[in-house]
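Numbering (our numbering), first residue to last: 70 to 518.
Heads up, the beta-carbon is just placed ideally off N, CA and C, and yes, glycines get one too.
Everything below concerns the one structure shown next.
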Ligand SMILES: C[S@@+](CC[C@H](N)C(=O)[O-])C[C@H]1O[C@@H](n2cnc3c(N)ncnc32)[C@H](O)[C@@H]1O
């Protein structure tokens with residue numbers, strides 16, 4: 070991933086991307102759960118709306134494959150063609166390992182895949198820069214740290230803010246990796262952008278002096294991933310960095326006013342900040358944008374059958390109907406039973422009633438201090454359902470289009486981080502590491518000094 074080929078400079082790319090995001094903000098600039106509350110459907114450009122309301126699954130798939138018949142509005146064709154300019158080029162990291170995790174260690178298939186995919190990239194980078202110690206930031210229960218030791222024999226210092234996780238990591242080590250005691254150590258520290266001296270002190274305390282350090286982090290969420298980049302830039306003994314960031318939408322918001330959101334760490338680089346200031350970007354680069362940038366769950370939407378696609382759209386529509394009723398009726402909601410999951414829905418009105426029933430089993434609804442009668446709740450939900458029944462295709466359309474722009478939105482967020490490192494004199498690359506089908510956390514930032 071990098072600046073897409075169609076742009077000569079980073080500034081051009083940012084400017085064009087911001088103009089694009091502003092123009093098509095109706096595709097993403099709202100909470101998906103609030104799409105009916107915010108009356109989003111009333112603002113979709115009308116020529117598209119008429120076209121979309123009669124769209125079949127085949128039509129939808131065709132337009133994504135670039136097959137346009139005479140019915141497709143020219144502005145929609147223009148939109149789809151202009152997307153190509155923003156497509157990032159991916160560098161794939163293809164080495165995958167067989168990783169046999171300790172029996173009953175609680176590792177999910179997804180986590181195993183992430184470790185299997187990220188570890189070889191860390192190893193390659195360490196090899197190239199003769200790193201003798203890996204610092205795993207936000208180490209959690211230490212799964213990655215242990216793997217790097219057991220597979221490659223690296224000394225690892227895991228740094229973790231949560232005391233609970235720290236104790237759990239040591240318990241995990243005692244139980245499954247007792248042999249790693251002297252080589253894999255964990256410390257409690259809350260990493261900030263100015264933690265350089267503290268980290269160096271911990272390295273010295275636990276491993277004497279390390280010459281060449283590789284900093285890593287798997288699922289370095291929200292602001293942590295940016296703090297890691299600042300730390301790496303300042304820490305001269307750190308020769309390499311391999312970080313897989315996540316949860317961009319959890320980045321701290323400094324100020325929220327008039328539907329504008331000003332984030333602490335996005336944008337983070339000077340070049341992005343400069344371009345952002347020329348636009349009123351705070352109106353349309355908000356949490357929904359950052360959420361879309363890190364949400365890859367719908368990436369395979371274009372291969373779904375009609376029924377699978379309806380089913381996904383229906384889940385979204387039902388949730389939005391629920392939100393609209395809750396807001397209109399000013400319901401106060403308490404969780405009654407956290408055990409029951411909202412059922413996935415099948416194909417018709419019964420599915421909606423089943424959904425309403427599940428909601429009633431899960432929540433208590435109060436209105437003006439009194440518990441709401443189940444029949445009244447069902448009636449309100451049903452009324453809203455009838456009003457929106459014909460909008461299913463619009464949900465389907467938005468779902469597909471959000472999925473279509475997800476990749477370029479994530480590239481935009483990651484490019485800002487690449488530029489942050491660049492302004493510190495460092496070269497950074499973005500690699501696609503995991504398989505989307507198994508883990509939505511696909512990308513790693515790789516940087517060397
Ligand atoms: C999503 S978890 C990932 C844990 C682990 N790397 C993994 O993949 O299993 C993020 C971890 O980072 C830790 N963390 C978050 N912010 C931190 C900070 N500023 N300093 C140190 N640890 C932090 C959290 O407590 C949590 O354990």
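Helix, strand or coil at residue i [DSSP, three-state]
| i | result |
| --- | --- |
| residue 116 | helix |
| residue 258 | coil |
| residue 128 | helix |
| residue 443 | helix |
| residue 239 | helix |
| residue 206 | strand |
| residue 141 | coil |
| residue 288 | strand |
| residue 106 | coil |
| residue 456 | helix |
| residue 234 | helix |
| residue 253 | strand |
| residue 72 | coil |
| residue 435 | strand |
| residue 161 | strand |
| residue 450 | helix |
| residue 156 | coil |
| residue 148 | helix |
| residue 335 | coil |
| residue 133 | helix |
| residue 296 | helix |
| residue 508 | coil |
| residue 123 | coil |
Rounded distance between the beta-carbons of residue j and residue i, thought under 8 Å
| i | j | result |
| --- | --- | --- |
| residue 283 | residue 206 | Not quite, the Cβ-Cβ distance comes to about 11 Å (not below 8 Å), so this is no contact. |
| residue 496 | residue 482 | Not quite, the Cβ-Cβ distance comes to about 19 Å (not below 8 Å), so this is no contact. |
| residue 289 | residue 312 | 5 Å |
| residue 227 | residue 238 | 6 Å |
| residue 341 | residue 115 | Not confirmed; about 34 Å, so no contact. |
| residue 91 | residue 348 | 7 Å |
| residue 198 | residue 309 | 5 Å |
| residue 330 | residue 351 | 6 Å |
| residue 378 | residue 489 | Not really, about 38 Å apart at Cβ, beyond 8 Å. |
| residue 515 | residue 285 | Not really, about 10 Å apart at Cβ, beyond 8 Å. |
| residue 359 | residue 335 | 7 Å |
| residue 258 | residue 212 | Residue 258 to residue 212, Cβ: 19 Å. No contact. |
Enclosing beta strand (DSSP E) for residue i [first to last residue]
| i | result |
| --- | --- |
| residue 311 | 307-315 |
| residue 191 | From DSSP, residue 191 is part of no beta strand (DSSP E) but of the alpha helix (DSSP H) over 178-197. |
| residue 322 | 322-326 |
| residue 466 | Here residue 466 belongs to no beta strand (DSSP E); instead the alpha helix (DSSP H) covers 461-491. |
| residue 224 | 224-229 |
| residue 248 | That residue, residue 248, is in no beta strand (DSSP E); it is neither H nor E in DSSP. |
| residue 329 | 329-332 |
| residue 279 | Taken as a continuous stretch (DSSP letters only), residue 279 belongs to no beta strand (DSSP E), as it is neither H nor E. |
| residue 517 | 512-517 |
Extent of the continuous alpha helix (DSSP H) to which residue i belongs
| i | result |
| --- | --- |
| residue 403 | Residue 403 -> not in any alpha helix (DSSP H); beta strand (DSSP E) instead, spanning 401-404. |
| residue 216 | 212-221 |
| residue 97 | Note, residue 97: premise wrong, no alpha helix (DSSP H); not H, not E. |
| residue 496 | Looking at the DSSP string, residue 496 is not in any alpha helix (DSSP H); the run it does join, the beta strand (DSSP E), is 496-501. |
| residue 427 | 418-431 |
| residue 378 | 375-398 |
| residue 351 | Note, residue 351: premise wrong, no alpha helix (DSSP H); not H, not E. |
| residue 79 | 79-92 |
| residue 265 | 265-276 |
| residue 359 | 356-362 |
Neighbour-count burial assignment, residue i, 16 or more Cβ in a 10 Å radius
| i | result |
| --- | --- |
| residue 248 | exposed |
| residue 477 | buried |
| residue 437 | exposed |
| residue 79 | buried |
| residue 146 | exposed |
| residue 445 | exposed |
| residue 443 | exposed |
| residue 424 | buried |
| residue 465 | buried |
| residue 139 | exposed |
| residue 426 | exposed |
| residue 180 | buried |
| residue 396 | exposed |
| residue 346 | exposed |
Does the segment 92-106 touch the segment 387-402, meaning 3 or more C-beta pairs lie closer than 8 Å? yes
Count the C-beta pairs between the segment 213-223 and the segment 294-303 that are closer than 8 Å, then say yes if the count reaches three, no if not. no
Given 8 Å, three or more beta-carbon pairs between the segment 304-321 and the segment 440-454: no
When you compare the segment 147-162 with the segment 497-506, are there three or more beta-carbon pairs, one atom per stretch, that lie closer than 8 Å? yes
Are at least three pairs of beta-carbons, each pair with one atom in the segment 415-425 and one in the segment 111-131, less than 8 Å apart? no
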